[in-house]
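**Student:** Just so you know, we're using my numbering here: the sequence shown kicks off at -4 and counts up by one.
Glycine included, every Cβ here is placed at the ideal spot set by N, Cα and C.
Predicted model, so just to flag it, every value in this text is computed and none were measured.
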Amino acid sequence: MNKANPFPNLMRAFFYEWLVEQRNASVHTVRSYRDTWRLFLRFAAQRAKKTVAMITLADLTARDVTAFLRHTEHERGGTIGTRNCRLAAIRSFFNFVATREPASVAQCAEILNIPVKRAPVSEPCYLEPAEVAAILAQPDRSTLEGMRDHTLLSFLYNSGARIQEALDLCPDMIRFDSPSCVRLTGKGRKERICPLWPETVLLLKKLLERKPRAPDQRLFVNRYGEPLSASGVRFKLAGYVKAAAGTEPSLHAKHVTPHSFRHATAVHLVSAGVDVTVIRSWLGHVSLDTTNHYAKANLETKRKALEQVSLPATAVHPPSWKRDASLLAWLDTL
């Protein structure tokens, strides 16, 4: 290791030895950390008036990290969630550095003590069944692109999959015979099995007949045969939502993303009376707390619950303390 500037070797060891070999981090985690450090190094170099190649470990202080997080949130327009993700990537590196460079432990400790910023928890936006149907009716299924989009959105609603889980779908992950199901790999490389409706299975079969794919090839691809990206799906979905708002005006007030289908699945399962532990397994949550927050009861469920609660009986006589004149007189003297 270069004693004059150990930072480049530390960065290389962090990505290749720590993340990939020792932690076996997913490609998505590695890319997320890579993007964070690409932005942070450019910010730190500009702040120190150096080139990125001249950055040393001493240039990356807690003050610089805090300034970068502020820059991410306010100047780049990132959310608090994005800010916390950037902080997680930086913390992970300095936690690794503390084990390799004892002389830098104090610097690492200051950065590791930067707190995660709490964000307001808003009510999740979910889609009503009529809104889901209106969106699914928009793709032109006579074209290959429309068939692909309709199948993808139907699969998202059926399985409650995250968008990347759906885009990673290959034919060998699907059981077409009864009972039909799909094997999904979620966060932390945890696998789960989700049942499939016969209608969804038929859509997947028709898509494969029209666009054959090898068992280990991605199912949802663009016109060039390349896998779809999450940003591309969001762009296409925005157009379908805008068109569907013509028949379902309530969509005008909703920010619909591919993740909205996952939440709609959870809410509709709650409405159908499915046990929350089953929903947790369906969605691939580790904790029931996550499922309880995710699968919020909709208004119809709350209305039915209210109907089961009888109105409190109206008291015929006032309470005893109101009938006690001496007690009321004593209270008036306080």
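(1) Hey, asparagine 252 and arginine 229: beta-carbon distance below 8 Å or not?
(2) Three or more C-beta pairs under 8 Å: does that hold for the segment 209 to 228 against the segment 95 to 105?
(3) To the nearest angstrom, how far is the alpha carbon of alanine 132 from that of threonine 195?
(4) Considering only the beta carbon of each residue, do cysteine 120 and serine 226 sit closer than 8 Å?
(5) With DSSP collapsed to three states, give me the class of valine 22.
(6) Kindly identify the DSSP beta-bridge partner or partners of cysteine 189.
(7) Would you check if there are 3 or more beta carbon pairs closer than 8 Å linking the segment 22 to 29 to the segment 103 to 122?
(8) CA-CA distance, alanine 240 and leucine 246?
(9) Short of 6 Å in beta carbon distance, which residues of its chain neighbour valine 269, apart from the five on each side in sequence? Order them along the chain.
(10) Excluding the 5 residues preceding and the 5 following threonine 260 in the sequence, name in chain order all residues of the same chain whose CB lies nearer than 7 Å to its CB.
(11) Please tell me whether asparagine 287 has its Cβ less than 8 Å away from any Cβ of chain E.
(12) Among the candidates Leu214, His280, Asp284, whose CA atom is the shortest distance from the CA of alanine 161?
(13) Could you name the residues that DSSP lists as bridge partners for isoleucine 169?
(14) Just mark valine 262 as buried or exposed, buried being the case when its beta carbon has 16 or more other beta carbons within 10 Å.
(15) Do you know offhand how far leucine 179's Cα is from isoleucine 188's?
(16) Taking the alpha carbon of leucine 341 as the point to measure from, which residue in Arg78, Glu68, Thr146 has its own alpha carbon closest?
(17) If you compare alpha carbons, which of Gly73, Thr51, Leu264, Val127 is closest to leucine 373?
(18) Could you name the residues of the same chain whose beta carbon sits closer than 6 Å to that of alanine 238, not counting the 5 residues immediately before and after it, in chain order?
(19) What did DSSP end up calling valine 111 once you bin it into helix, strand or coil?
(20) Only counting the same chain, and skipping five residues up and downstream in sequence, which positions put a Cβ closer than 8 Å to that of alanine 125?
(21) Pull the bridge partners of proline 222 from the DSSP assignment, please.
(22) Just to confirm the assignment, what range does the alpha helix (DSSP H) spanning tryptophan 13 have?
(23) What does a CB cutoff of less than 7 Å around isoleucine 130 pick up in its chain, not counting 5 residues either side in sequence?
(24) In angstroms, rounded to a whole number, what distance separates the CA positions of alanine 200 and serine 224?
**Tutor:** A quick look at the data gives this:
(1) The sequence given here has threonine at residue 252, not asparagine. Yes, these two residues count as a Cβ contact at 8 Å.
(2) By the Cβ test, the segment 209 to 228 is not in contact with the segment 95 to 105, since fewer than three Cβ pairs between them sit closer than 8 Å.
(3) 14 Å
(4) no
(5) helix
(6) Answer is Val177.
(7) no
(8) 5 Å
(9) none
(10) Tyr152, Gly155
(11) Reference to chain E is not applicable here, since this structure consists of a single protein chain.
(12) Leu214
(13) Isoleucine 169 pairs with Val177.
(14) buried
(15) 6 Å
(16) In the structure displayed, the chain extends from -4 to 329; residue 341 sits before or after that span and is not available.
(17) No answer is possible for residue 373: it lies beyond the span of the chain, which begins at -4 and ends at 329.
(18) Cβ contact annotation for alanine 238 (same chain, cutoff 6 Å, sequence separation greater than five): Gln133, in chain order.
(19) Looking at valine 111 - three-state DSSP - the assignment turns out to be coil, as it is neither helix nor strand.
(20) Glu243
(21) Val216
(22) Premise fails: tryptophan 13 is in no alpha helix (DSSP H) and is neither H nor E.
(23) Leu148, Tyr235, Val236, Ala239
(24) One detail in the question is off: residue 200 reads as lysine in this sequence, not alanine. Cα to Cα, the separation comes out at about 22 Å.
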